[in-house]
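What follows is a set of notes on a single structure, which appears directly below.
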Amino acid sequence: MAHDSELGWALGVVFRAWQRETEEAVGDLPHGPRGFQILSTLATGDPPTQASIAMHLGIDRTVLTYVLDDLAAAGLVERTADARDRRVRRLVLTASGRSRVEELRARVAAVEAGMFPGLTAEESASLRSLVERAAAGMHTGDGDHDACRVVQDILADAAG
Numbered sequence: 007m008a009h010d011s012e013l014g015w016a017l018g019v020v021f022r023a024w025q026r027e028t029e030e031a032v033g034d035l036p037h038g039p040r041g042f043q044i045l046s047t048l049a050t051g052d053p054p055t056q057a058s059i060a061m062h063l064g065i066d067r068t069v070l071t072y073v074l075d076d077l078a079a080a081g082l083v084e085r086t087a088d089a090r091d092r093r094v095r096r097l098v099l100t101a102s103g104r105s106r107v108e109e110l111r112a113r114v115a116a117v118e119a120g121m122f123p124g125l126t127a128e129e130s131a132s133l134r135s136l137v138e139r140a141a142a143g144m145h146t147g148d149g150d151h152d153a154c155r156v157v158q159d160i161l162a163d164a165a166g
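Residue numbers (the numbering used here): 7 to 166.
In structure tokens:
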């Protein structure tokens, strides 16, 4: 079966490999890779709301509540009231969560370093950069994006 021109197939193979390998690396964390993505996102800036983290990571808000409950029970995350609107909850890492996310990032980085055995280190870095740029270009938050246009723009930038 030739799949050399099927982007969806290729992305699926890479994603499933990433998910499988990452599950092994962070399997001791509540909700594995999903829990890692939440902790990693919380470590990058101002405390987000539950609604904004659900939208950013594409997690159903109801499911997110259960994941956050488990991360909070593990002492990694706290929900705090927003200073301007007490009905809104902001998410923050605990001291234990900040320490743990750094350990988990190292584990995931080791997994990702070995993700593309058929590529050179330079090619792997380039692929990662291009995929991250494509994702950032598509992740507008409003659902209005054209994946083909984003990829074309990236390729044009790389060529010129």
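Glycine included, C-beta positions come from ideal geometry on N, C-alpha and C.
Keep in mind that this is a model prediction, so the values were computed, not measured.
In the structure shown, R90 adopts coil according to DSSP, grouped into three states. For L97, the enclosing beta strand (DSSP E) has its first and last residue at 95-99. Sorting P53, V114, G64 by C-alpha distance to the C-alpha of R26 places V114 at the top. Taking I59 as reference, the option from A80, G38, R85 with the minimal CA-CA separation is R85. Linking P54 to V83 through their CA atoms gives a straight-line distance of about 12 Å. Going by beta carbons, A116 and A31 fall inside the 9 Å limit.
Less than 9 Å separates the beta-carbon of D76 from that of P36.
Beta-bridge annotation (DSSP): V83 is paired with L99.
Contact check for I44 against V69 fails: the beta carbons are separated by 9 Å or more.
For M144, the uninterrupted alpha helix (DSSP H) run begins and ends at 127-144, by DSSP.
Per the DSSP secondary-structure output, T55 pairs in a beta bridge with R96.
Here DSSP, grouped into helix, strand and coil, assigns D76 to helix. Each of T71, L133, T28 was checked against the Cα of R95, and the nearest Cα belongs to T71. Leaving aside the five residues that flank S46 on each side, the residues in its chain whose CB is nearer than 7 Å to its CB run, in chain order, V107, R111. DSSP places L13 in the uninterrupted alpha helix (DSSP H) bounded by 13-32.
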